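Let me begin by presenting the structure, written as C-alpha cells, before commenting on it.
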Amino acid sequence: MVRVRFAPSPTGSLHIGGARTCLFNWLYARAKKGRFVLRIEDTDKLRSKKEYLDEILDSLNWLGLKWDEIYYQGQRFALYREYAEKLLKSGAAYIERSEGNKEAVIFKVNPQKIKIRDLIRGDIEFEAESIKDQVLIKSDGTPTYNFACVVDDATTDITHVIRGDDHISNTPKQVLLYNALGFALPEFAHLPLILGSEGGRLSKRTGATSIGDYRKMGYLAQALVNYLLLLSWSPGSNREIIGIDEAMQIFDIKDVNKTAATFNLDKLNWVNNQYLKKENAQKLADAVIPLLIERQYIREGDFDRNYIVALLKLFQARLARINDFLDWADFFFVEDVQIDPQAQKKHLGADLSREFRMFINRLDGLKEFELQTIETSFREMVKELGIEAKALIHPIRVALTGKTVGPGLFEVIYYLGRERTKQRLMRWVSST
Ligand code: GLU
243 MVRVRFAPSP
253 TGSLHIGGAR
263 TCLFNWLYAR
273 AKKGRFVLRI
283 EDTDKLRSKK
293 EYLDEILDSL
303 NWLGLKWDEI
313 YYQGQRFALY
323 REYAEKLLKS
333 GAAYIERSEG
343 NKEAVIFKVN
353 PQKIKIRDLI
363 RGDIEFEAES
373 IKDQVLIKSD
383 GTPTYNFACV
393 VDDATTDITH
403 VIRGDDHISN
413 TPKQVLLYNA
423 LGFALPEFAH
433 LPLILGSEGG
443 RLSKRTGATS
453 IGDYRKMGYL
463 AQALVNYLLL
473 LSWSPGSNRE
483 IIGIDEAMQI
493 FDIKDVNKTA
503 ATFNLDKLNW
513 VNNQYLKKEN
523 AQKLADAVIP
533 LLIERQYIRE
543 GDFDRNYIVA
553 LLKLFQARLA
563 RINDFLDWAD
573 FFFVEDVQID
583 PQAQKKHLGA
593 DLSREFRMFI
603 NRLDGLKEFE
613 LQTIETSFRE
623 MVKELGIEAK
633 ALIHPIRVAL
643 TGKTVGPGLF
653 EVIYYLGRER
663 TKQRLMRWVS
673 ST
C-alpha cells in the first residue's frame with residue numbers, strides 16, 4: 243500500500259511551496275488508495291512554536307487536506323536514540339565528546355558513488371566525496387533532520403518520499419543511512435522549485451504569502467488548491483480548471499514536470515474568479531458578512547442578509563477575491579462616499595445641476611421604484627434632452643458610487659434606493 247507523508251517544521255507558516263508539496267502527497271495517496279501521514283518535525287525546540295503548528299494544521303484543514311495519521315518527532319526521541327545505538331554497535335557510527343563531556347553520535351561516511359532514482363527527475367548520481375561524516379544525534383540530545391527523517395520514514399513504512407527540490411542534496415545522505423540501518427529504500431520524487439513572479443526565489447513581494455493570509459484576503463480553498471495543482475502538473479489538453487475530486491482520479495507523481503514552476507498572482511486571481519463566479523451567493527454571504535461587520539459596514543444582528551446576497555450577485559462575476567467586494571461595494575454601506583478625484587474631474591467637472599434635478603424629479607415621480615421603471619424613465623429623459631445616455635450615465639455613476647466602474651447603473655440606483663440616490667445627486671446640484 244502506498245504511504246506518503248508531508249513533514250512540515252512548525253517554525254513558520256505554511257506557504258505556497260509547502261502547500262503544494264502537501265497537496266501532491268495527499269493526491270498521490272488518494273489516487274493510489276493509500277495513506278497520507280502528517281509528520282510534525284518539531285525537533286528544534288527553540289524555533290518550533292505552537293502558533294505555527296496550529297496555523298499549519300488550520301491551513302491544511304481549510305484546504306481540505308486531511309491526514310490519516312499524525313506523528314510528532316518531539317515525541318520520538320527514544321526511537322532515534324535506539325537506532326543511533328544500533329549504528330554505534332555495528333560500528334557505523336562513533337561518539338564524539340565535546341566540552342563538558344557532552345556526547346554527539348556521528349555517522350561514518352565512506353566515499354562512494356550514490357545513485358538515486360527519482361520518479362520525476364530520473365536517475366541522479368552523487369559523488370560521495372562531497373559528503374562528510376554526519377551528525378546523527380547532537381550533543382544536546384536532539385536528532386538531526388536527516389537522521390530523524392530516515393528513522394521516521396522507515397518505521398512508519400513510507401513508500402514514497404515526495405518533497406521539494408531543495409532537499410535533493412539530503413537524499414544521498416539519507417540513502418546511506420537507510421543502507422546502514424538495513425532499511426529498504428522508498429521511492430523518491432523531488433518536486434521542482436516554485437519561482438517568484440519575477441524569477442528567483444519566492445519572496446514576500448513575489449508571492450511568498452502564507453496560506454492563512456490568502457484565506458484572509460478572500461481566496462477560496464478550492465481555487466487555491468486548483469491553482470497549486472497547476473504548479474508543475476496539468477490535467478492535460480490545456481485545461482486549467484479542475485476540482486480536487488477529479489484530480490484525485492487522474493493524478494500521478496510521474497506526470498509532474500521537471501522544470502521549475504513560476505508563481506503568478508494574476509493566474510491565481512483568474513482561477514479564484516472562476517470559482518467565485520460559480521459560488522453560491524448565500525455561501526459567499528457567509529464569508530463576507532463577518533468582514534462587513536469588521537469594517538463596520540453593517541452591525542451584527544442588524545442587517546438585511548437578503549440585501550447583501552443581492553449585492554454580492556451584482557459583483558460576483560468580476561470578483562477576483564472575496565475582499566474585492568468590500569472595496570468595490572463600499573458605497574452601498576457608507577454614506578460619505580469617497581469620490582475618486584480623477585473621476586470627479588473627468589465626469590463631474592461640468593455643472594449638471596439641471597440634468598440631475600430633472601432626474602431627481604423623475605425618480606420622485608415613479609410610482610413603482612423598480613429596475614425597469616428607473617431605466618425607462620432615464621432613457622425617456624435623455625431622449626427628451628437630446629443627449630447621449632452615456633453623457634449622464636458616467637456622471638451619475640461617479641456621484642453615486644465615487645467610481646467609474648461597477649455594476650449596471652440602474653442596479654446601483656435600485657439597490658441604493660430612492661432616497662440615498664436623490665441625496666447623493668443633490669450634492670452636485672447648485673442652489674442657484
Ligand atoms: N521538515 C522538512 C521541511 O519542512 C521536511 C523535509 C522532508 O520532507 O523530508 O522541509
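If you read the sequence shown in our numbering, its first letter stands for residue 243, the second for the next number, and so on.
We treat Cβ as the ideally placed atom computed from N, Cα and C, and that holds for glycine.
What you are looking at is a predicted structure, and each value in this text was computed from that prediction instead of being measured.
Pro532, buried or exposed, once every other Cβ within 10 Å from all chains shown has been counted against 16: Here the question's residue 532 lines up with position 290 in the sequence shown. So Pro532 counts as exposed.
One or two residues paired with Ser340 in a DSSP bridge: What you label residue 340 is simply residue 98 of the sequence shown in a count that begins at 1. Paired residue(s): Lys344.
heavy atom of ligand 1 below 7 Å from Ala249 C-beta: In the sequence shown, residue 249 corresponds to position 7, counting from 1. Under cutoff, so the answer is yes.
Where Lys415 falls, given that 16 or more other Cβ within 10 Å makes a residue buried: As a first step, residue 415 must be located in the sequence shown, where it is residue number 173. Under this definition Lys415 is a buried residue.
Minimum C-alpha distance to Val576 - residue among Thr285, Asp300, Ile535 and Phe611: Locating residue 576 in the sequence shown gives position 334, counting from the first residue. Checked all of Thr285, Asp300, Ile535 and Phe611; the closest Cα to Val576 is Ile535.
Any non-hydrogen atom of ligand 1 within 7 Å of Glu283 CB: Here residue 283 is taken as the residue at index 41 of the sequence shown, counted from 1. Flag set: Cβ of Glu283 near ligand 1.
His409 beta carbon near ligand 1 (any heavy atom closer than 7 Å): The residue given as residue 409 occupies position 167 in the sequence shown. Yes, Cβ of His409 sits closer than 7 Å to a heavy atom of ligand 1.
CB of Arg281 within 8 Å of CB of Leu433, strictly: On the sequence shown, position 39 is the one that residue 281 refers to. On the sequence shown, position 191 is the one that residue 433 refers to. No. Outside cutoff.
Cβ neighbours of Leu462 in the same chain (closer than 8 Å, five flanking residues each side left out): For the purposes of this step, residue 462 is taken as the residue at position 220 of the sequence shown. Counting only Cβ-Cβ distances below 8 Å, and skipping sequence neighbours, we find Asn514, Tyr517, Leu518, Glu521 and Ile564.
Beta-carbon gap between Leu556 and Glu653 smaller than 8 Å: Indexing the sequence shown from 1 puts residue 556 at position 314. Indexing the sequence shown from 1 puts residue 653 at position 411. Result yes, Cβ atoms of Leu556 and Glu653 sit closer than 8 Å.
Beta bridge counterpart(s) of Pro385 as assigned by DSSP: One-based indexing of the sequence shown puts residue 385 at position 143. According to DSSP, which records beta bridges pairwise, Pro385 is partnered with Ile379.
Heavy atom of ligand 1 within 7 Å of Cys264 beta-carbon: Sequence index remark: in the sequence shown, residue 264 carries index 22 (1-based). Not under cutoff, so the answer is no.
N- and C-terminal bounds of the beta strand (DSSP E) containing Lys645: The sequence position of residue 645 within the sequence shown is 403, counting from 1. Per DSSP, Lys645 belongs to no beta strand (DSSP E) and is neither H nor E.
Contact between the region 622 to 630 and the region 538 to 552 (3+ Cβ pairs under 8 Å): no
Pairwise C-alpha distance: Arg359 and Asp528: Along the sequence shown, read from residue 1 onward, the residue named residue 528 stands at position 286. Along the sequence shown, read from residue 1 onward, the residue named residue 359 stands at position 117. One C-alpha to the other measures close to 48 Å.
With 16 other Cβ atoms within 10 Å as the buried cut-off, status of Tyr549: Here residue 549 refers to the residue found at position 307 of the sequence shown. Exposed, by the Cβ-count rule.
Contact under 8 Å by Cβ, Thr253 with Arg289: Start at 1 with the first residue of the sequence shown, and residue 253 comes out as number 11. Start at 1 with the first residue of the sequence shown, and residue 289 comes out as number 47. Contact: yes.
Three-pair Cβ contact test at 8 Å for the region 362 to 374 versus the region 292 to 301: no
Val640 vs Ala585 beta-carbon contact at 8 Å: Your numbering for residue 640 matches position 398 in the sequence shown. Your numbering for residue 585 matches position 343 in the sequence shown. Yes, the pair counts as a contact, with Cβ atoms nearer than the cut-off.
Of the listed residues Trp570, Val530 and Leu307, nearest to Arg547 (C-alpha basis): What you label residue 547 is simply residue 305 of the sequence shown in a count that begins at 1. Minimum Cα distance to Arg547 is reached at Val530.
Between the CA atoms of Ala326 and Ala335 - distance to the nearest angstrom: Reading the sequence shown from its first residue, position 93 is the one you call residue 335. Reading the sequence shown from its first residue, position 84 is the one you call residue 326. Approximately 8 Å, taken between the alpha carbons.
Nearest candidate by alpha-carbon position, reference Phe266, set Lys509, Ile356, Phe598 and Leu473: The residue labelled residue 266 in the question sits at position 24 within the sequence shown. With distances taken between Cα atoms, Phe266 lies closest to Leu473.
Helix, strand or coil at Arg563 [DSSP, three-state]: For the purposes of this step, residue 563 is taken as the residue at position 321 of the sequence shown. Three-state result, Arg563: coil.
Distance CB(His589)-CB(Pro649) smaller than 8 Å: One-based indexing of the sequence shown puts residue 589 at position 347. One-based indexing of the sequence shown puts residue 649 at position 407. No, these two residues do not count as a Cβ contact at 8 Å.
Run of the alpha helix (DSSP H) containing Gly260, from where it starts to where it stops: What you label residue 260 is simply residue 18 of the sequence shown in a count that begins at 1. Ile258 to Ala273 is the extent of the alpha helix (DSSP H) around Gly260.
Three CB pairs or more closer than 8 Å across the region 465 to 479 and the region 487 to 503: yes
Three-state secondary structure (DSSP) of Glu653: Stepping through the sequence shown from its first residue, residue 653 is reached at position 411. Looking at Glu653 - three-state DSSP - the assignment turns out to be helix.
Touch test, the region 426 to 444 against the region 373 to 384, Cβ-Cβ under 8 Å, three pairs minimum: no
Residue environment, Ser673, which counts as buried when at least 16 other CB atoms sit within 10 Å: Residue 673 sits at position 431 when you count from the first residue of the sequence shown. It counts as exposed.
Arg289 Cβ short of 7 Å to ligand 1 heavy atom set: Start at 1 with the first residue of the sequence shown, and residue 289 comes out as number 47. No - ligand 1 has no heavy atom lying nearer than 7 Å to the Cβ of Arg289.
Length of the line joining the Cα atoms of Phe611 and Asn603: Looking up residue 611 in the sequence shown gives position 369. Looking up residue 603 in the sequence shown gives position 361. Cα-Cα distance, rounded: 13 Å.
Same chain, Cβ closer than 6 Å to Asn511, five either side skipped, listed in chain order: Position 269 of the sequence shown, counted from the start, is the residue given in the question as residue 511. Here the set comprises Ala562.
Thr643 burial status per 10 Å Cβ neighbour count (16 or more: buried): Here the question's residue 643 lines up with position 401 in the sequence shown. Under this definition Thr643 is a buried residue.
Val467: first and last residue of the uninterrupted alpha helix (DSSP H) it sits in: On the sequence shown, residue 467 is found 225 positions in, with the first residue counted as 1. Note, Val467: alpha helix (DSSP H), Ala463 to Leu472.
Residues near Glu311 by beta carbon distance below 6 Å, same chain, minus five either side: Within the sequence shown, the letter at position 69 stands for residue 311. Closer than 6 Å at Cβ, skipping near neighbours: Val279.
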